[in-house]
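Undergrad: For the sequence shown, the numbering used here gives the first residue as 578, with consecutive numbering after it.
Cβ atoms here follow ideal geometry from the backbone N, Cα and C, with glycine treated the same way.
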Amino acid sequence: MPTVLLVRGWRVFFFANENDEPMHVHCRKGSAQGKFWILPDSYEIHTAYVRRMTHAEEREIRRILFEHFDEIVEAWNEFQLRAK
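1. Run through the DSSP bridge pairs and tell me what Phe590 is partnered with.
2. Quick one: using the 10 Å Cβ neighbour count with 16 as the cut-off for buried, is Phe591 buried or exposed?
3. For the candidate residues Pro617, Pro599 and Arg628, whose alpha-carbon lies nearest to that of Leu642?
4. The alpha helix (DSSP H) spanning Glu637 covers which residue range?
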């Protein structure tokens with residue numbers, strides 16, 4: 578589970594065994610967790626699911642993901658190359 582970011586208590590990471598899924602990240606802060614699809618061509622983020630996450634926490638993590646969008650895309654691409 579490579580960690581991409583640690584920001585304001587949020588851990589943003591990939592699972593190493595999900596190579597067939599499109600670009601996405603998992604996020605966790607305490608008991609709050611979620612999965613977000615990253616769409617680099619349209620510069621969008623879609624929520625796959627959130628668990629035990631308030632609306633304010635979801636807004637916060639989405640803001641963090643947008644702030645680090647390019648970094649996440651680059652990390653995903655590098656991770657996929659290494660996994661092959």
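TA: Taking the structure as given:
1. Thr580 and His603
2. buried
3. Pro617
4. His632 to Glu644
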